[in-house]
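Chains as they are written, first to last, in the working numbering: chain S, 2 to 171; chain F, 443 to 841.
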């Protein structure tokens, strides 16, 4: 089913394998190694077309949010199955489109968090494209720290708030 | 642990404290404060007294004066009157030195009566100290009373607060055009993170950038012709420059595995400082406005974000140190860095005043944000916003 594997997700997966096995106690530092230029300049494989109208929100099926580490937008190995579930649904329901919504915890620059949440959503979009979903069916939206799932100010709230939500429309 | 060991440990802690204290020492760069006597400035009525009080507050807030009654070499004589319109007749002199700085009249319509005092205060700072004042300047900001987020603008003393939008939607990072006629900002007004401009004269709003993905970080160049922004239309948050005449965008960065954010222009519009997490944590970088190689500027602090390039060439930014965000200043020409704040609060989104001395920032303590004005020459911080709700994302006007 996943014969088409794009370069980006392959690189992420390989790098994750290295840091998950190499230094599981220091995820943040491990993330550093991946924050380098790995795609050629001017790469437009993941460019987005014009925004589509939302349409009718799919409510009869829900998918788990993808979780992220602090200041991280790399998809961790244990999160990949959540994205696979969405890719299977979108493969079976070809009229469904997705807005991947990126969110952050409240810490840090409000403006940087919008960009960080966007890169989380873009990482999920890239993974779905690598699973064979047409990129034209997937858009992104980032709310940064503006829409926390849990408004508390503690580690468990912050962890729940660092997420990508799947907003599906038909 | 032996007794000597305990002494050594205590000494080490003390020494560390001394080192930390030296670390945040504020270098006095300007001349000291001068005493100034306002007792010869007569208040013609009750409201004339209020006008005189604004002059007094502005001079104290400038950081350059102590206002005294009698005994000062520098004197302000004349009259403050508000009779419908406001008028100040002022004669500013240094009696001991035999110097007359100026004799001038200030007229303002009643709606803007406080500006007569602001103009006089700025003229006194300029004439006596040779420095630009900030009493007549303004600050754009985001307010969230009752959780409803909107764009506001107020005077540099926090008065004259005016609400500019009625979106009740998340919005942030306002910035002024050099002619001070428009404010560019990011808002979720249309559901996505898009860039808009608000015309302060006509009170109309224009959509500036709504590419797919995010449109953030609007920063208008001091030359007024270009806009720095962050777009993700190519699949990743990258730094761009838009030509405001043609609306064409040019991409400056190509970091497929990094996030770019928070651009700010150098005073001559030739370079951009911005945040990138290409090293693994958000840090401040600089590159020419035409693109090219990025040079990392910040190395201390686990994160350095929200840079603002000031009129004298120094950058102020928010640096995460000991788990808190502190306001720090860097001179990119010399590499000299100063930590301006050190309290247990978070100081974020700093913005330079056009006087090159003061900084406005959002100070968060107990999960509540208000704007505070910091002084790079050592005066205590001053709270600017005192209303219900969170107030943040300040942008000081260029004049």
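Heads up, the beta-carbon is just placed ideally off N, CA and C, and yes, glycines get one too.
Query                                                                                                                                                                       : Result
Among 648/F, 826/F, 711/F, which one has its Cα closest to the Cα of residue 683/F?                                                                                         : 711/F
Express the C-alpha separation of residue 841/F and residue 598/F in angstroms, rounding to a whole number.                                                                 : 11 Å
Restricting to Cα atoms, I'd like to know which of 838/F, 834/F, 786/F is closest to residue 589/F.                                                                         : 834/F
Identify the contact partners of residue 634/F in chain S, using a Cβ-Cβ distance below 8 Å as the criterion.                                                               : 52, 142
Can you pull the chain F neighbours of residue 68/S, defined as C-beta to C-beta under 9 Å?                                                                                 : Chain F residues near residue 68/S: none, gap ~18 Å exceeds 9 Å.
Sort out for me which residues DSSP pairs residue 702/F with in a bridge.                                                                                                   : 718/F
On the DSSP bridge list, what partners appear for residue 657/F?                                                                                                            : 673/F
Could you work out which residues of chain S lie near residue 827/F, taking near to mean beta carbons separated by less than 7 Å?                                           : Chain S residues near residue 827/F: none, gap ~16 Å exceeds 7 Å.
List the endpoints of the continuous beta strand (DSSP E) containing residue 59/S.                                                                                          : Premise fails: residue 59/S is in no beta strand (DSSP E) and is neither H nor E.
Going by beta carbon distance, what residues of the same chain come within less than 7 Å of residue 121/S, once the five residues before and after it are set aside?        : 69, 74, 103, 165
Which chain F residues sit within Cβ distance under 7 Å of residue 154/S?                                                                                                   : 809
Below 8 Å on the Cβ atoms is my contact criterion, and I expect residue 677/F with residue 91/S to pass it. Report the Cβ-Cβ distance as a whole number of Å.               : 18 Å between Cβ atoms; not a contact.
Just checking: is the beta-carbon of residue 120/S within a distance shorter than 8 Å of some beta-carbon in chain F?                                                       : yes
Report the rounded CA-to-CA distance for residue 789/F versus residue 655/F, giving the unit in angstroms.                                                                  : 29 Å
Which same chain residues end up closer than 8 Å to residue 697/F when comparing Cβ atoms and leaving out the 5 residues on each side of it in sequence?                    : 678, 680, 718, 720
On the three-pair Cβ rule with 8 Å, is the segment 749-765 of chain F touching the segment 698-710 of chain F?                                                              : yes
When burial is assigned at 16 or more other CB atoms within 10 Å of the CB, is residue 545/F buried or exposed?                                                             : exposed
Would you report the Cα separation of residue 751/F and residue 715/F, rounded to the nearest angstrom?                                                                     : 8 Å
Using a 10 Å radius around the Cβ and a threshold of 16 neighbouring Cβ atoms, would you call residue 601/F buried or exposed?                                              : exposed
Give the residues of chain S in contact with residue 745/F, contact being defined as C-beta atoms less than 7 Å apart.                                                      : 109
Which value, in whole angstroms, describes the spacing of the CA atoms of residue 483/F and residue 567/F?                                                                  : 17 Å
Note down, in chain order, each residue of its chain lying with its Cβ closer than 6 Å to the Cβ of residue 735/F, except the 5 sequence neighbours on either side.         : none
Thinking just about the alpha-carbon of each residue, which of 144/S, 153/S, 152/S is nearest to the one in residue 636/F?                                                  : 144/S
Helix, strand or coil for residue 132/S? Go by DSSP, reduced to three states.                                                                                               : coil
Roughly how many angstroms lie between the CA atoms of residue 839/F and residue 595/F, to the nearest whole one?                                                           : 10 Å
Quick one: does residue 162/S have its CB under 8 Å from some CB of chain F?                                                                                                : no
Under 8 Å between the Cβ atoms of residue 628/F and residue 646/F?                                                                                                          : no
For the segment 568-585 of chain F, enumerate the residues whose C-beta is nearer than 7 Å to any C-beta of chain S, in chain order.                                        : none
Quick one: using the 10 Å Cβ neighbour count with 16 as the cut-off for buried, is residue 537/F buried or exposed?                                                         : exposed
Measure the alpha-carbon distance for residue 641/F versus residue 83/S and round it to whole angstroms.                                                                    : 45 Å
Taking 6 Å as the limit between beta carbons, can you name the residues of its chain near residue 496/F, skipping five residues before and five after?                      : 556, 559
With contact counted as at least three CB pairs below 8 Å, one residue from each stretch, are the segment 817-826 of chain F and the segment 496-508 of chain F in contact? : yes
Can you give the Cα-Cα distance for residue 153/S and residue 59/S, rounded to whole angstroms?                                                                             : 29 Å
Taking 8 Å as the threshold, find out whether the segment 797-813 of chain F comes into contact with the segment 568-577 of chain F through three or more Cβ pairs.         : yes
For residue 47/S, name the three-state secondary structure that DSSP assigns.                                                                                               : coil
Run through the segment 769-826 of chain F for me and flag every whole beta strand (DSSP E) of 3 or more residues, listed as ranges in chain order.                         : 779-781, 788-794, 800-807, 810-817
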